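One line per chain: the protein sequences are A and B, in this order. If you use our numbering, the first sequence corresponds to residues 1 to 531, in order. If you use our numbering, the second sequence corresponds to residues 532 to 1062, in order. Glycine included, each C-beta is placed from N, C-alpha and C at the ideal position. The structure presented is a predicted model; accordingly, all values stated were derived computationally and were not measured.
There are 2 protein chains.
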Amino acid sequence: MITGSAFIGEEERVGGASFQAWDPAAGEPLDPPFRESGATDVEDACAFAAAAAPDFAALPPSQRAAFLEAVGEEILALGDTLILRAMQETALPRARLESERGRTVGQLAYLARVLRDGTLYDATLDSAQPARVPLPRPDLRRHHLAVGPVAVFGASNFPLAFSVAGGDTAAAFAAGCPVVVKGHPAHPGTGELVARAIIKARRRCALQPGVFAYLPGAQAALGAALVADARIQAVGFTGSRTAGVALMKVAAQRAQPIPVFAEMSSVNPVFLFPGAAHRRGEELAKAYVASLALGAGQFCTNPGILIGVGNADFDAFVSFATTALQAVPAQPMLSAGIAGNYARGLAALRARTTVTELGRGAEATAPNRCRAALLAVEADDLLADAGVREEVFGAASVIVRAGTIEDFARIARQLEGQLTATLLYDEDDIPAVARLMPELERRAGRLLGNAWPTGVEVADAMVHGGPYPATSDGRSSSVGALAVERFLRPVCYQNLDARLLPPAVQDANPWRLPRRTDGLWQPAPTTESSP
Amino acid sequence: MITGSAFIGEEERVGGASFQAWDPAAGEPLDPPFRESGATDVEDACAFAAAAAPDFAALPPSQRAAFLEAVGEEILALGDTLILRAMQETALPRARLESERGRTVGQLAYLARVLRDGTLYDATLDSAQPARVPLPRPDLRRHHLAVGPVAVFGASNFPLAFSVAGGDTAAAFAAGCPVVVKGHPAHPGTGELVARAIIKARRRCALQPGVFAYLPGAQAALGAALVADARIQAVGFTGSRTAGVALMKVAAQRAQPIPVFAEMSSVNPVFLFPGAAHRRGEELAKAYVASLALGAGQFCTNPGILIGVGNADFDAFVSFATTALQAVPAQPMLSAGIAGNYARGLAALRARTTVTELGRGAEATAPNRCRAALLAVEADDLLADAGVREEVFGAASVIVRAGTIEDFARIARQLEGQLTATLLYDEDDIPAVARLMPELERRAGRLLGNAWPTGVEVADAMVHGGPYPATSDGRSSSVGALAVERFLRPVCYQNLDARLLPPAVQDANPWRLPRRTDGLWQPAPTTESSP
């Protein structure tokens, strides 16, 4: 069932050099070998995608919604084969992968609903005013249209939900964009299984072969070639800052620069206010460690920094957190590469004279394990050293001791853009929290109160994004309804014959979209009230 | 009243080296000299802007709307002083400048309405579901917030409507972003007058000094320094492709890359279908020449290429157009630089063996005049030579003779991104137009039927944008309600105490915004139905 091939058009193509999948928990290679896609494969996949783009973009929303749902059904139809392979390739536990599969299928279904709702077309009509002086006003109609083929790079840490059929792919499909996926080499078998599910769904829905292609590969050159291809019109990426910035550079240097939506790096600061530390120190310390250690800390929303005001309550919090952390078992990481990066990142932190190691989790007795770590630094040392503020991907977090609560704003101002910022507060902290809010609103995509950032709800109001380097474009979100807008662009029709207008802006509104007409919002017409 | 200074905070600051304003029609310098802003001025202007940003972003929409309206009032209050100075500096006629002033004030008022309407906050609320299994759903609320200080570069060809208080500035103000304007050196006196009007309005509205700054300058280094300043969060630009691409590079190379919304270059193809050419050749030829010669062709939406099918009707059209063009008087251009570029661009076209000169307008008898030009090329030669498809800014247009109507799609596919594409058709052309539409929808921001692209209505449904290089980001528009979205980013609040939420997402909805709650659109509450 897994062959290691690329999927381009209707062809299952055997690529060039082979590379291995690995079981990170055992440190052993997995069968079969996978074959690296090359320049010709990129070329062909993009040609198919470009050929399929206009028809796919023009499909009624209900048909693309049905395709999204079919993808979800085919993923479920893979059954335990998918879960078992993903467990082998990522060392993630069954419960987590089953839950992630639910999320993946759920977000396909969610975006199908968003699509049927029709708001994303942003259909807007302004009537002609032929009698207006000094000049008549023309008839103007606007909708949002797919940008064209999208390149998607899956994340290592979400082999299902942010990978081959993950959020970026689902959002691009919802927008009407064909997708060319560069498979993640850390879970190539999982990727291939999901690719096969998408192709089954695509055939069931009788869509053109170019709607989806899958290119396995372990070389950075493959991704760069894909982003450089003139037919690709946008890029979705979740991964490291180094890889994301490299793709941004390729995209910016094209003859036609294109947007890259890269979700990259975030330390997700947590601000522990004095009232909360005083009354709930033990409870919060345990919850903090649970959040930072969850899934070996391999979440982009992992709380990498916690800032508190140095006093007796703070010392107690640190002590509770250290005790809790020492009980964290060593957990296998997603890949040898990630485990190596964790070790190096942690070593760089520990090598600093300003950084103290508070405690470590249980020692590792097998390869590629993450041994949790809790570190401490003074606020002034954090402010003086950007290196301490950089993400270490894994179950490590730095506790920052501030002199006074006024340091919170100073620290916030020095932080780079973040996916999240968390506020732990009690009633008496609220004035101080309110003063800090404007600083955090400018630096993060999501602000949480007495909650933990790990866990990203798929919802209309969700923002999974944030100013650079949390993402490449702080005006975007890779989760929720906003994710689709990244792959749409507005097109206006002026004085065009009714027979030439796309359905979204025709007078009869055949797709039953909600629309704004002459400045007034009109909800989607119901079946009953329609002609 | 014009001093040649920079305006930073409450300070009117005399800069460094001086440069002159010019009367292009007379080819003579104008008084007084202007003083070049430098690195310290950029630094100070951005510091003020950053300091003003949070409060300006947090203002109720009604207050920012009042500021936009006040800017319009202060521009009108400049009276004929503004019109006379703009006439001197740009050689544009009084009627055009009065109309442009009306457009400038009108678009400020339009964006004030958009702001009061409240849709741009995209306020979205998802209720908590504490009983949901397996995990409770958190309370999530989202609104759109200003990105921070914006750098604006005005256009030479719209000294009012796309300049100091033009579309980009108005959109940034509407979004809640402080603006630092780099004044255009071709109309520095006009720019200063408008800057003074904005500052008057800013004081009237009791806003912080950092909300607006104006830096005169003639050196590219000033603009680059402004875009490179870490506090600038987005850039609005209208001008040449060379300058726009240079700013995009600066923005991409920053430690924090930022979006540049540059409106740059477009040849605005016009497709003349056979039925229309047959029945309305003379009328269309005259209208085409009127559109291409309007304002010496100094519009970004000027029809630079017209494509028809070579037959007797086409020959007649060409003949009518040539005759009409020969009657076009020489018109003064906006500046010596633009007149020089026009002459060079036209000479490069005429030097090609594949390009025929059909006719020229009346000869120039004074400096910096644009002598209109009509050129012809065969479709295959156009397809083979990208240079013929490049914009020549001014009253020049190339008529392309296609072999068959099937060539229309071949030509469309080779065109770069465009602001507009125009379709001239009659009833019997409609099937052929319909076949071409998908190609044009992918390449242009606005499609027109039997209309002319010069003239950009300020309306909800307008798109003044298009794929690169028409703009740097084809997902944006610099005119209409969409222009504001460029300067906003989403922020999500999860489980935050009601007292910490911004007004846009508070339960009481104090700003009376339309909102989406649990998937349902709710119109803005009226005064009557409110608590």
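*For Pro1062 of chain B, which residues from the same chain have a beta carbon less than 6 Å from its beta carbon, with the 5 sequence-adjacent residues on both sides left out?*
With a pLDDT of 40 at Pro1062 of chain B, under the threshold of 50, the modelled position of this residue cannot be trusted; read the value that follows with caution. For Pro1062 of chain B, where only same-chain residues beyond five positions count, there are no Cβ hits under 6 Å.
_So, under 8 Å CB-CB, Ile399 of chain A and Leu358 of chain A are touching, yes? Tell me the CB distance rounded to an integer number of Å._
7 Å
_Where Thr526 of chain A sits in the DSSP three-state scheme_ = For Thr526 of chain A, the three-state secondary structure derived from DSSP is coil.
*If contact means a Cβ-Cβ distance below 9 Å, which residues of the region 256–269 of chain A contact chain B?*
Taking 9 Å as the Cβ-Cβ cut-off against chain B, the residues of the region 256–269 of chain A that qualify are Gln256, Pro257, Ile258 and Pro259.
_Quick check: Leu691 of chain B and Thr635 of chain B, are their CB atoms within less than 9 Å of each other?_
yes
*asked:* By the three-class DSSP mapping on this structure, what secondary structure does Gly9 of chain A have?
replied: coil
*Once you ignore the five residues that flank Ala933 of chain B on each side, which residues in its own chain have a CB closer than 8 Å to its CB?*
Ile838, Gly839, Val840, Gly841, Ala910, Phe939 and Ile942
*asked:* I want to verify the contact list: residues of chain A whose CB lies under 8 Å from the CB of Ser822 of chain B, in sequence order.
replied: None at all; the shortest Cβ gap to chain A is about 14 Å.
*asked:* Please list, in chain order, the chain B residues whose beta carbon lies closer than 8 Å to that of Ala451 of chain A.
replied: The contacting residues are Pro669, Gln1025 and Asn1026.
*Using a Cβ cut-off of 7 Å, pull out every chain B residue sitting near Glu457 of chain A, in sequence order please.*
Simply Arg668, Pro669 and Leu671.
*Does the beta-carbon of Thr526 of chain A have 16 or more other beta-carbons within 10 angstroms, so that it is buried, or is it exposed?*
exposed
*Pick from B:Glu600, B:Gly546, B:Tyr819 and B:Ala583: whose alpha carbon is nearest that of Glu439 of chain A?*
B:Ala583
_Can you look up Leu590 of chain B in the DSSP assignment and give me helix, strand or coil?_
coil
*Checking contacts by CB at 9 Å: is Leu1031 of chain B closer than that to chain A?*
yes
*Taking the continuous alpha helix (DSSP H) assigned at Ala836 of chain B, which residues delimit it?*
Per the sequence shown, residue 836 of chain B should be read as Ile rather than Ala. That residue, Ile836 of chain B, is in no alpha helix (DSSP H); its beta strand (DSSP E) goes Ile836 to Val840.
*State the start and end residues of the unbroken alpha helix (DSSP H) segment that holds Tyr214 of chain A.*
Tyr214 of chain A -> not in any alpha helix (DSSP H); beta strand (DSSP E) instead, spanning Phe212 to Leu215.
_Whether Val695 of chain B touches Thr721 of chain B by CB criterion (9 Å)_ = yes
*Could you spell out the range, first to last residue, of the alpha helix (DSSP H) harbouring Gly220 of chain A?*
A small fix is needed here, since residue 220 of chain A is Ala in this sequence, not Gly. That run of the alpha helix (DSSP H) goes Ala220 to Ala228.
*Would DSSP call His675 of chain B helix, strand or coil?*
Three-state result, His675 of chain B: strand.
_Does the contact criterion of 3 or more C-beta pairs under 8 Å hold for the region 854–867 of chain B versus the region 1011–1026 of chain B?_
In short, these stretches do not touch, since the Cβ pair count stays below three.
*Are three or more beta carbon pairs between the region 263–270 of chain A and the region 412–422 of chain A nearer than 8 Å?*
yes
*Select from A:Gly72, A:Ala470 and A:Ala372 the residue whose C-alpha is nearest the C-alpha of Val289 of chain A.*
A:Ala372
*According to a CB-to-CB cut-off of less than 7 Å, which residues of the region 964–982 of chain B neighbour chain A?*
Val964, Ala965, Met968, Pro969, Glu972, Arg973, Gly976, Arg977, Leu978, Leu979, Gly980, Asn981 and Ala982
*Could you tell me whether the Cβ atoms of Thr454 of chain A and Phe317 of chain A are closer together than 9 Å?*
The answer is no: Cβ separation not under 9 Å.
*Can you list, in chain order, the residues of its chain whose CB lies under 7 Å from that of Asp657 of chain B, leaving out five sequence neighbours each side?*
Leu671 and Asp1049
*Nonlocal neighbours in the same chain, by C-beta distance under 6 Å from Glu282 of chain A, ignoring five residues either side*: Phe320
*asked:* List, in chain order, every chain B residue whose beta-carbon is nearer than 7 Å to that of Trp521 of chain A.
replied: Pro1045, Trp1052 and Pro1054
*Could you tell me the distance, in whole angstroms, from the CA atom of Ala524 of chain A to the CA atom of Val71 of chain A?*
Each residue's alpha carbon lies about 26 Å from the other.
_Residues that Trp553 of chain B bridges to, as DSSP identifies them_ = B:Pro560
_Buried versus exposed call for Met1 of chain A [16 or more other C-beta atoms within 10 Å across all chains shown]_ = exposed
*Just the C-alpha distance for Val951 of chain B and Arg920 of chain B, rounded to the nearest angstrom, thanks.*
Per the sequence shown, the amino acid found at residue 951 of chain B is Thr instead of Val. Straight-line Cα distance between these residues: approximately 14 Å.
*Between Val187 of chain A and Gln233 of chain A, what straight-line distance do the alpha-carbon atoms span, to the nearest angstrom?*
Sequence inspection shows His at residue 187 of chain A; the Val mentioned does not correspond to that position. Going from the Cα of His187 of chain A to the Cα of Gln233 of chain A covers about 26 Å.
_For a contact defined as C-beta to C-beta under 7 Å, what are the partners of Ser1008 of chain B on chain A?_
Pro490
_Selection of the region 995–1007 of chain B by Cβ proximity to chain A, strictly under 9 Å_ = His995, Gly996, Gly997, Pro998, Tyr999, Pro1000, Ser1003, Asp1004, Gly1005, Arg1006 and Ser1007
*Could you spell out where the alpha helix (DSSP H) holding Tyr342 of chain A opens and where it closes?*
Ala336 to Arg350
*Which one of A:Ala366, A:Ser291 and A:His278 has the shortest CA to CA distance from Asp429 of chain A?*
A:His278
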